[in-house]
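Following the numbering used here, the numbering of the sequence shown begins with 54 at its first residue and continues without gaps. Ideal Cβ positions, reconstructed from N, Cα and C, are used throughout, including at glycine. Because the structure is a prediction, the values reported are computed rather than measured.
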Amino acid sequence: MRKLLAYPLCVLLAFTLGYLLLHPALRMIADWLTPLLGSSFFTLIVSAYLTLGDPLAYRELLLIWVLTGILCGVIIRRRLGGISTAIGIYSTISAFMGLSLYNIIQRARDLSLMGGGELLTAIPPLPRGLTIAHLMEAPIIGPLIERITPLMAGGMPSMESMR
Numbered sequence: 054m055r056k057l058l059a060y061p062l063c064v065l066l067a068f069t070l071g072y073l074l075l076h077p078a079l080r081m082i083a084d085w086l087t088p089l090l091g092s093s094f095f096t097l098i099v100s101a102y103l104t105l106g107d108p109l110a111y112r113e114l115l116l117i118w119v120l121t122g123i124l125c126g127v128i129i130r131r132r133l134g135g136i137s138t139a140i141g142i143y144s145t146i147s148a149f150m151g152l153s154l155y156n157i158i159q160r161a162r163d164l165s166l167m168g169g170g171e172l173l174t175a176i177p178p179l180p181r182g183l184t185i186a187h188l189m190e191a192p193i194i195g196p197l198i199e200r201i202t203p204l205m206a207g208g209m210p211s212m213e214s215m216r
């Protein structure tokens, strides 16, 4: 019975704290693209931040997971039940990320942004406070840009560079 109470409370706590303590660069990106891609984009950003972000590098993310774990542990009070509920919470957040991505793809199809070069013309210009430096500071997007940039510059990596 305690798992049934802890599970929705901890998912709600993780998403609420994820929204409130979202990295400023990710918040600017979400504010920039949410009018075009819908509210699912904001859910995608928050769930990706919670799931893919490094808690050891970002204190806010560590705080979110520690508070969620404490609440889960206090309510359940058993090791196995707490661990299984924590895995369920993490899986639910990952499922929300997948469903949000699916909804964004559906919205892009409805707006006929898929295919052609219409996507680049439909994206609004960068807002005033958002720069390339801010994008590189973002928890998930910065490392992703660092990995994609060499691929775009020189094509596919060689076997020598992969060692």
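My understanding is that residue 128 touches residue 59, with C-beta atoms under 8 Å, so please give their C-beta distance in whole angstroms. Residue 128 to residue 59, Cβ: 4 Å. Contact.
Compare the C-alpha of residue 77 against each of 201, 188, 203 and name the closest. With distances taken between CA atoms, residue 77 lies nearest to 188 out of 201, 188, 203.
Endpoints, alpha helix (DSSP H) assigned at residue 186: Residue 186 -> alpha helix (DSSP H) spans 185–190.
Per-residue DSSP class, three states only, for residue 143: Three-state result, residue 143: helix.
Residue 64 versus residue 191: straight-line alpha-carbon distance, rounded: Cα to Cα, residue 64 sits roughly 23 Å from residue 191.
Give the secondary structure of residue 180 by DSSP, where H, G and I count as helix, E and B as strand, and everything else as coil. Residue state, collapsed to three classes: coil.
With 16 other CB atoms within 10 Å as the buried threshold, where does residue 93 fall? Within 10 angstroms of the beta-carbon of residue 93 lie 16 or more other beta-carbons, which makes it buried.
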